[in-house]
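S.K.: Dropping the structure in here first, questions after.
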Amino acid sequence: MKKSEKALQLLQALDEIYPQAHCALNYQNPWQLLVATILSAQCTDVRVNIVTAELFRVLPDAKAMAEASQEQVEELIRTTGFFRNKAKNLIHCAQQVLTLHQGEVPADLKSLVALSGVGRKTANVVLGNAFQIPGMVVDTHVKRLVRRFGWTKSDNPEQVEKELSKLLPESTWIQCSHTLIAHGRACCKAPTPICSACPVVALCPRKGVNKSK
DNA sequence: ATCCCGAGGG
DNA sequence: CCCTCTGGAT
Numbered sequence: 000m001k002k003s004e005k006a007l008q009l010l011q012a013l014d015e016i017y018p019q020a021h022c023a024l025n026y027q028n029p030w031q032l033l034v035a036t037i038l039s040a041q042c043t044d045v046r047v048n049i050v051t052a053e054l055f056r057v058l059p060d061a062k063a064m065a066e067a068s069q070e071q072v073e074e075l076i077r078t079t080g081f082f083r084n085k086a087k088n089l090i091h092c093a094q095q096v097l098t099l100h101q102g103e104v105p106a107d108l109k110s111l112v113a114l115s116g117v118g119r120k121t122a123n124v125v126l127g128n129a130f131q132i133p134g135m136v137v138d139t140h141v142k143r144l145v146r147r148f149g150w151t152k153s154d155n156p157e158q159v160e161k162e163l164s165k166l167l168p169e170s171t172w173i174q175c176s177h178t179l180i181a182h183g184r185a186c187c188k189a190p191t192p193i194c195s196a197c198p199v200v201a202l203c204p205r206k207g208v209n210k211s212k
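Laid out in structure tokens, this is it:
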């Protein structure tokens, strides 16, 4: 069987085990998803949703965010961590969306990555979930799992994204990230995967490398 | 202690 | 390539 066929077989098995995998961030429009995704760095989605409930009430759109003070935004997002950097990026990002894109979040990778605080991971989350434009989201979970699966040997997120995009059909990209992340959280953890309870151990090249429980 | 759906700067 | 930024959860 070809490498891409094997990968697809494993992915389809995971899709059946995690059919409910989806973007767990709360948002009502592309701008709010962009904000929530920026806040999600090194923070759980549950915590982001707690913070954005109040944040979106006080500062509902890019215009309000662009006019807010650094101190106000810091206070609203403090518990998500990295709050100084995130506040600075959010305000600058909002100003860029207003001046460069007439207040609308752009729907292409190049424009998104040019925004303050937005890297390829965040850009692909917004493209896939707000605009239904396929993009491979390579975060820490996705990178760890696909390396364990032997789908790539690269440690560079952008290189991993490139190789995955070649290996998997475009139609799988959006859901695939959610599925891999769900499995990464539930089972294929860093640094010790729970191989004895893994539903796809038979399809994994490591075949249960972690023998402890 | 270690991890959480990273990005920017040196 | 490395470092820094940060609080919360377990």
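So in numbering that gives the first Met the number 0, spot 169 of the first sequence is number 168, and the numbers just go up one at a time. Yeah, the Cβ is synthetic: ideal placement off N, Cα and C, and Gly gets one too.
For the alpha helix (DSSP H) holding phenylalanine 148, just list the boundary residues, first then last.
M.R.: Note, phenylalanine 148: premise wrong, no alpha helix (DSSP H); not H, not E.
S.K.: Does the distance between the C-beta of tryptophan 30 and the nearest non-hydrogen atom of the ligand NAD fall short of 8 Å?
M.R.: The ligand NAD is not among the ligands present in this structure, which contains no ligands whatsoever.
S.K.: Hey, cysteine 175 and cysteine 186: beta-carbon distance below 9 Å or not?
M.R.: In this structure, cysteine 186 does not lie closer than 9 Å to cysteine 175 by Cβ.
S.K.: For the region 8-41, which segments carrying the alpha helix (DSSP H) assignment without a break, of at least 4 residues, lie completely within its bounds, in sequence order?
M.R.: Runs found: 29-38.
S.K.: Determine whether the beta carbon atoms of leucine 33 and valine 47 lie at a separation below 9 Å.
M.R.: Against a cut-off of 9 Å, the Cβ pair of valine 47 and leucine 33 comes out as no contact.
S.K.: Residues in its own chain within less than 8 Å of lysine 212 by CB, not counting five upstream and five downstream?
M.R.: Reliability fails at lysine 212, whose pLDDT of 38 lies under 50, so the model's placement of it is uncertain and no value is given.
S.K.: Of the choices Glu4, His177, Pro204, whose alpha-carbon is the least far from that of histidine 140?
M.R.: The shortest C-alpha separation from histidine 140 is found at His177.
S.K.: So, at 6 Å on beta carbons, what are the nonlocal neighbours of histidine 100 in its own chain, with the 5 sequence-adjacent residues on each side left out?
M.R.: There are no such residues.
S.K.: Taking a contact to mean a Cβ-Cβ separation below 9 Å, would you say histidine 182 touches valine 200 in this structure?
M.R.: Not a contact, by the Cβ cut-off of 9 Å.
S.K.: Cα separation between leucine 166 and glutamine 158?
M.R.: Rounded to the nearest angstrom, the two C-alpha atoms are 12 Å apart.
S.K.: Can you have a look at threonine 43 and say buried or exposed, based on whether 16 or more other CB atoms are within 10 angstroms of its CB?
M.R.: Threonine 43 should be labelled exposed.
S.K.: Take the Cβ of lysine 85 as the centre, count every other Cβ of all protein chains shown within 10 Å, and call the residue buried at 16 or more, exposed below.
M.R.: It counts as buried.
S.K.: Nearest to glycine 127 by alpha carbon, out of Glu162, Gln95, Thr171?
M.R.: Looking at the Cα atoms, Thr171 is the closest of the given residues.
S.K.: Please tell me whether lysine 5 and leucine 202 are closer than 9 Å, where the distance is taken between their beta carbons.
M.R.: Their beta carbons are under 9 Å apart, which means lysine 5 touches leucine 202 by this criterion.
S.K.: In terms of residue numbering, what span does the alpha helix (DSSP H) encompassing asparagine 88 cover?
M.R.: Run containing asparagine 88: 82-100, per the alpha helix (DSSP H) assignment.
S.K.: Quick one: using the 10 Å Cβ neighbour count with 16 as the cut-off for buried, is methionine 0 buried or exposed?
M.R.: It is exposed - the Cβ of methionine 0 has fewer than 16 other Cβ atoms within 10 Å.
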